[in-house]
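Residue numbers (our numbering): 1358 to 1984.
We treat Cβ as the ideally placed atom computed from N, Cα and C, and that holds for glycine.
Everything below concerns the one structure shown next.
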Amino acid sequence: MDNKNNVIEQHFDAVVIGAGHAGCEAALALARLGLKTIVFTVSVDSIAMMPCNPNIGGTSKGHLVREIDALGGEMGKNIDKTFIQSKMLNSSKGPAVHSLRAQADKNNYSKTMRSVLENTDNLIIKQGEVTDLIVENGEIKGVKTYSGAIYYSKVVVMCTGVYLKSMCIYGDTKTFTGPNGLAAANHLSQSLIDNGIEIRRFKTGTPARIDKRSIDFSKMAEQKGDEKIVPFSFTNRREDIERDQISCWLTYTNNETHDIIRENIHRSPLYSGVIEGTGPRYCPSIEDKVMRFADKERHQVFIEPEGEYTNEMYVGGMSSSLPEDVQFKMYHSVPGLENAVIVRNAYAIEYDCINPLQLTPSLQIKTIKGLFSGGQINGSSGYEEAAAQGLIAGINAARYFYDKEPVIIDRSQGYIGVLIDDLCTKGTNEPYRMMTSRSEYRLLLRQDNADFRLTPLGHEIGLIDDDRYNKFIEKYKCVDEEIKRLEKTNVSPDEEVNKLLEAYNSTLITTGLTLADLVRRPELCYEVLESIDKKRKPLSEDIIFQVNNMIKYKGYIERQNRQVEQFKKLENKRIPENIDYKTIGSLRSEAVQKLESVRPVSIGQASRISGVSPADISVLMVYLSHR
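In structure tokens:
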């Protein structure tokens, strides 16, 4: 440590700005890959804080958490340690859309993640606000804090979440703070602008928190967790994490609720113009729902516990920025909440973020070498989207430090690839939320096979140790061997077999079939054939699940694999970094503009840019073939 002119100067390999869900994953990845890392946070008590919903996972988001775990990230392990209720969503549908979701003990989740960071080698936590990037000749050199201290480093990862010039709003009440009353980061935005980074204004919101003791649960439907708990982390088994679960509750808004909102909509900062930022389309406030879906007589309201040792309950589905007096009437109109004591008002939060089209697929800022960005600063929403980006940004910052090629997960490999490609290629005009519908290869990108898709990559990167990797190899060897055995094992049309088929309303057989043929029948599955499968050996639940899915959906999987092959051909056609699109004849002017802005790395990425037509792609491919 130097001390020149009373200014502290320190040297690190890596700096991470922010210790939310993105910052934690980025910092852990960097430190675990051997870089001396410092992570800055506005408050050490807010590490991995959950300022909004008290859960991890959900539709498509559960896929992201599984993928984070498969690569060697921490979120899945942390929620397995701290959940208070677990539920598999969409379990009545096909495996492609099964999504695990767990209610978290908020405080415990944050404390547990903090403990992991504090006990990770090469990692230092520092409370303080980063105000400036130090950039020289288009290359990051470090950061400066509000106190004037300078921290030099070869790589910096920005994971500022919703803190940049943040402002919390309900009605006419504005507070220039971050979420939960924490200090905003008011200075870094200007440094980004000064360094040529485009800033935009987004907003998100959160509902009220109410006192459990004031709720009449008799007017609500109880929502219990699953009896059979499925872990998020592939390192855990069901028996490792089983515990008593806490119920959530379901109620509904009604005409009275909607009338209160409509009568006071002119006082909503969303509609009066006080809020300037763009909000998330797929997670609207209750006033948005009422105004946009006027024909709906009611909306679901989930009452969710915030933790085991608090009476605070989260009012899911009723985020709002209406004035306090309107909120009071609105919440009290909901069955079961007639006497609810509001502990924390609902509010909207506005914040600065960057245009993600300024990022490469490695999440590096295109114009500043060594500067990476992950999480809500990139225009996304959600803890899971943030953690996924933070992990990839951290990995690629380490790869840059070691002068290695970046890790790019493509759209056929993971939801992480879909998320990052959408942001970097298409951009976003609203907080981006992951959904299963955004993926073209949903059947291949199931949450159950995330380890199959990504654990070899995690091992190659260095975040999956040999022991875990060898267990993974053994697991999929078992899957492969069992599938081959079932494909070769014939059953005869005898009385025992047909009696079983009859019990499941399955067509009786008159000639021999393989066990795999029977597994493929919609009404049957691997488990129910046990009595006629005489040579079956005991297998774990996760292996059985894989065997069942891979046999049952074999035809669909093969079809998607053929589609992926075509996709890969375009992804593998690389575009030179120094290409000048303005010199390519026959390219439309809009295409030139979009291609110059995004600077795609491949023909595949170029084909997904809004405003670039198939004809433009043909012109580009002809041009590249003659270079």
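Taking 8 Å as the cut-off, the Cβ atoms of Y1913 and L1800 count as close. Looking at the DSSP output, T1530 sits in a beta bridge with Y1527. Of all C-beta pairs linking the region 1845-1857 to the region 1821-1837, fewer than three are shorter than 8 Å, placing the two stretches out of contact. Around the CB of T1940, fewer than 16 other CB atoms lie within 10 Å, so the residue is classed as exposed. The closest CA to that of S1678, considering only L1421, P1564, K1585, is found on P1564. Assignment of S1678 by DSSP, reduced to helix, strand and coil, places it in the coil class. Taking the C-beta atoms as reference points, Y1671 is found nearer than 8 Å to E1661.
Non-local beta-carbon contacts of T1793 in its own chain, meaning distances under 6 Å to residues more than five positions away in sequence, involve S1417, V1454, R1799 in chain order. Along the length of the region 1408-1480, whole beta strand (DSSP E) runs at least 3 residues long occupy 1412-1414, 1440-1446, 1456-1461, reported in chain order. By the Cβ neighbour-count rule, L1865 is exposed, with fewer than 16 other Cβ atoms within 10 Å of its own.
The continuous alpha helix (DSSP H) containing H1615 extends over residues 1612-1620. Just so you know, the alpha carbons of A1376 and S1625 end up roughly 32 Å apart. For D1837, the secondary structure class from DSSP, reduced to helix, strand or coil, is helix.
Using a Cβ-Cβ distance cut-off of 8 Å, the region 1734-1744 and the region 1781-1795 are in contact, since at least three pairs of beta carbons, one from each stretch, lie closer than that value. About 5 Å separates the beta carbons of Q1733 and G1518, which is inside the 8 Å limit, making them a contact pair.
Taking each of V1955, V1921, F1902, S1982 in turn and checking the Cα distance to G1451, the smallest one comes out for F1902. Excluding five sequence positions before and after K1951, the CB atoms of its chain that fall closer than 6 Å to its own CB belong to I1966, G1968, V1969, given in chain order. For A1540 and V1885, the gap between their C-alpha atoms comes out near 57 Å. Where K1926 is concerned, the enclosing alpha helix (DSSP H) starts and stops at 1911-1928. If only uninterrupted alpha helix (DSSP H) runs of at least 4 residues are considered, those enclosed by the region 1736-1775 are 1740-1758. Residue state for M1670 is assigned as strand, using DSSP reduced to three classes. When V1512, Q1460, I1765, K1585 are compared, the shortest CA-CA separation from N1929 is found for I1765. The C-beta separation of I1643 from M1675 comes to about 5 Å, placing the pair in contact by the 8 Å criterion.
In the assembly as shown, H1420 is a buried residue. Its beta-carbon has 16 or more other beta-carbons within 10 Å. At the C-beta level, L1480 and T1394 come within 8 Å of one another. Checking the DSSP bridge columns, you'll see M1406 has no partner listed. Exclusion of the five residues before and after D1874 leaves no residue of its chain whose Cβ lies closer than 7 Å to its Cβ. In this model, G1747 and A1383 are separated by some 5 Å (Cα to Cα). For G1391, the CB contacts under 7 Å within the same chain, skipping 5 residues up- and downstream, are N1479 in chain order. For the 8 Å CB-CB criterion, L1720 and I1773 do not form a contact. With respect to the C-alpha of S1954, the residue from N1412, I1554, V1587 having the closest C-alpha is I1554. Cα atoms of A1744 and G1727: separation of roughly 20 Å, rounded to the nearest angstrom. Per DSSP, R1558 lies in no alpha helix (DSSP H) segment; the continuous beta strand (DSSP E) that holds it begins and ends at 1556-1563. The C-beta separation of Q1484 from S1400 comes to about 6 Å, placing the pair in contact by the 8 Å criterion. With fewer than 16 other Cβ atoms from the protein chains shown falling within 10 Å of its own Cβ, A1578 counts as exposed. DSSP places Y1798 outside both helix and strand once states are collapsed to three, so it counts as coil.
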